[in-house]
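Colleague: Got a structure here, written out as C-alpha cells. Questions coming.
In my numbering, the protein residues as written are 371 to 555.
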C-alpha cells in the first residue's frame with residue numbers, strides 16, 4: 371500500500387512540476403493578470419454519482435475542493451485541486467484524499483467562460499479494509515463572475531472514476547455543479 375501511495379505521489383509530482391514551472395515562468399515574463407500569479411479558491415458542490423451496477427446517490431460537499439491556479443499569459447492555466455474526507459465513528463475510520471490536476475482554457479482568467487479537463491488520483495481506505503487508489507478523469511464548463519477583488523466561479527462538470535477491483539470500487543460516472551470564490555495573489 372505504501373509503495374502504491376508513493377508511486378502515485380511521484381507520478382502526480384512528475385506531471386505537476388513541469389506544468390507549474392511553465393505557468394509560473396509565463397506569468398512572470400508577461401505580468402499575468404496585473405501581477406497576479408496565483409488563483410486561490412474554495413468550492414461547494416452538488417454531485418450525482420452512479421456506480422456501475424449500483425444505485426445512484428446525491429451528495430452535497432463543502433468544501434468540494436481547494437484550488438490553486440497558476441496564472442499564465444496564455445489562455446491555458448493549470449490548477450491542482452485537493453480535497454480530504456475523514457470520517458470516524460465507534461473505533462472505525464475511513465478516509466479519501468483526492469488529488470486532481472486540471473487545465474483551464476479561457477480568454478480571460480478573471481472573468482467569462484472557461485473549459486476544464488483533468489485527471490485525478492483518489493487515495494481511499496478504511497479501518498480493517500484494503501486501502502488503494504482510484505483514478506479518474508473529468509471535464510467541465512464554467513464561468514467567472516467578477517466580485518470586488520475576486521470572482522465567483524460557477525462550474526458544471528462530469529467525472530468518470532475507473533474501477534479498482536482490489537477496493538471493490540466499480541466504475542462510477544458523476545455529474546454535478548460547483549460554486550466557489552476565487553481570489554488572486
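Glycine included, each C-beta is placed from N, C-alpha and C at the ideal position.
Note that the structure is predicted; figures quoted are calculated from it, not measured.
Give the range of the beta strand (DSSP E) segment to which residue 516 is assigned.
Modeller: Counting from one through the chain shown, the residue named residue 516 turns up at place 146. Residues 502 to 517.
Colleague: May I ask you to report which of helix, strand or coil DSSP gives residue 497?
Modeller: On the chain shown, residue 497 is found 127 positions in, with the first residue counted as 1. Here residue 497 sits in coil by DSSP.
Colleague: Using only the alpha-carbon positions, how far apart do residue 453 and residue 435 sit?
Modeller: The count along the chain shown starts at 1 and reaches residue 453 at position 83. The count along the chain shown starts at 1 and reaches residue 435 at position 65. The alpha-carbon atoms of residue 453 and residue 435 are separated by roughly 5 angstroms.
Colleague: Between the alpha carbons of residue 374 and residue 460, how many angstroms are there, rounded?
Modeller: Position 4 of the chain shown, counted from the first residue, corresponds to residue 374. Position 90 of the chain shown, counted from the first residue, corresponds to residue 460. Any reading at residue 374 must be qualified, since the residue scores a pLDDT of 49, below 50, and its modelled position is unreliable; the value itself is stated next. Each residue's Cα considered, the two are about 28 angstroms apart.
Colleague: What number of angstroms, rounded off, separates the C-alpha of residue 523 from the C-alpha of residue 468?
Modeller: Taking the chain shown and counting its residues from 1, one reaches residue 523 at position 153. Taking the chain shown and counting its residues from 1, one reaches residue 468 at position 98. In a straight line, the C-alpha of residue 523 is about 20 angstroms away from that of residue 468.
Colleague: Any idea what DSSP makes of residue 460, helix, strand or coil?
Modeller: Position 90 of the chain shown holds residue 460. Residue state, collapsed to three classes: coil.
Colleague: How about residue 444 and residue 497: are their beta carbons less than 8 angstroms apart?
Modeller: Start at 1 with the first residue of the chain shown, and residue 444 comes out as number 74. Start at 1 with the first residue of the chain shown, and residue 497 comes out as number 127. Contact: no.
Colleague: Beta carbon of residue 482, beta carbon of residue 488: below 8 angstroms?
Modeller: As a first step, residue 482 must be located in the chain shown, where it is residue number 112. As a first step, residue 488 must be located in the chain shown, where it is residue number 118. No, the Cβ-Cβ distance between residue 482 and residue 488 is not below 8 angstroms.
Colleague: For the candidate residues 510, 541 and 520, whose alpha-carbon lies nearest to that of residue 530?
Modeller: As a position in the chain shown, residue 530 is number 160, starting the count at 1. Considering only alpha carbons, the answer is 541.
Colleague: Looking only at its chain, what residues have a beta carbon closer than 6 angstroms to the beta carbon of residue 486, apart from the 5 residues adjacent to it on each side?
Modeller: Residue mapping note: residue 486 aligns to position 116 of the chain shown, counting from 1. Closer than 6 angstroms at the Cβ level, and outside the excluded window around residue 486, lie 472, 474 and 510.
Colleague: Looking at the unbroken beta strand (DSSP E) that takes in residue 408, where does it start and where does it end?
Modeller: For the purposes of this step, residue 408 is identified with residue 38 of the chain shown, where counting begins at 1. From DSSP, the beta strand (DSSP E) with residue 408 extends over 408 to 421.
Colleague: Classify residue 548 as buried or exposed, calling it buried when 16 or more other Cβ atoms lie within 10 Å of its own Cβ.
Modeller: Position 178 of the chain shown, counted from the start, is the residue given in the question as residue 548. Label assigned to residue 548: buried.
Colleague: Comparing alpha-carbon positions, which option in 490, 512 and 521 lies nearest residue 506?
Modeller: By 1-based counting over the chain shown, the position of residue 506 is 136. Ranking 490, 512 and 521 by Cα distance to residue 506 puts 490 first.
Colleague: Rounded to whole angstroms, how far is the Cβ of residue 414 from the Cβ of residue 550, which I believe are closer than 8 angstroms?
Modeller: In the chain shown, counting from the first residue as 1, residue 414 sits at position 44. In the chain shown, counting from the first residue as 1, residue 550 sits at position 180. Yes, residue 414 and residue 550 are in contact; Cβ-Cβ is about 7 angstroms, under 8 angstroms.
Colleague: Hey, residue 555 and residue 408: beta-carbon distance below 8 angstroms or not?
Modeller: As a first step, residue 555 must be located in the chain shown, where it is residue number 185. As a first step, residue 408 must be located in the chain shown, where it is residue number 38. Yes, these two residues count as a Cβ contact at 8 angstroms.
Colleague: Quick one: what does DSSP say residue 536 is sitting in, helix, strand or coil?
Modeller: Stepping through the chain shown from its first residue, residue 536 is reached at position 166. Helix, per DSSP.
Colleague: How long is the line joining the alpha carbons of residue 518 and residue 535, rounded to whole angstroms?
Modeller: To locate residue 518, count along the chain shown from 1; it is residue 148. To locate residue 535, count along the chain shown from 1; it is residue 165. The straight-line gap from Cα to Cα measures roughly 48 angstroms.
Colleague: Provide the residue span of the beta strand (DSSP E) that contains residue 546, from first to last.
Modeller: Within the chain shown, residue 546 is the residue found at index 176, counting from 1. Looking at the DSSP string, the run of the beta strand (DSSP E) that includes residue 546 is 542 to 554.
Colleague: In the DSSP assignment, what are the bridge partners of residue 424?
Modeller: Reading the chain shown from its first residue, position 54 is the one you call residue 424. Answer is none; residue 424 lacks a bridge partner.
Colleague: Shortest alpha-carbon distance to residue 439 belongs to which of 479, 504, 419 and 502?
Modeller: On the chain shown, position 69 is the one that residue 439 refers to. Of the candidates 479, 504, 419 and 502, the one whose C-alpha sits nearest the C-alpha of residue 439 is 479.
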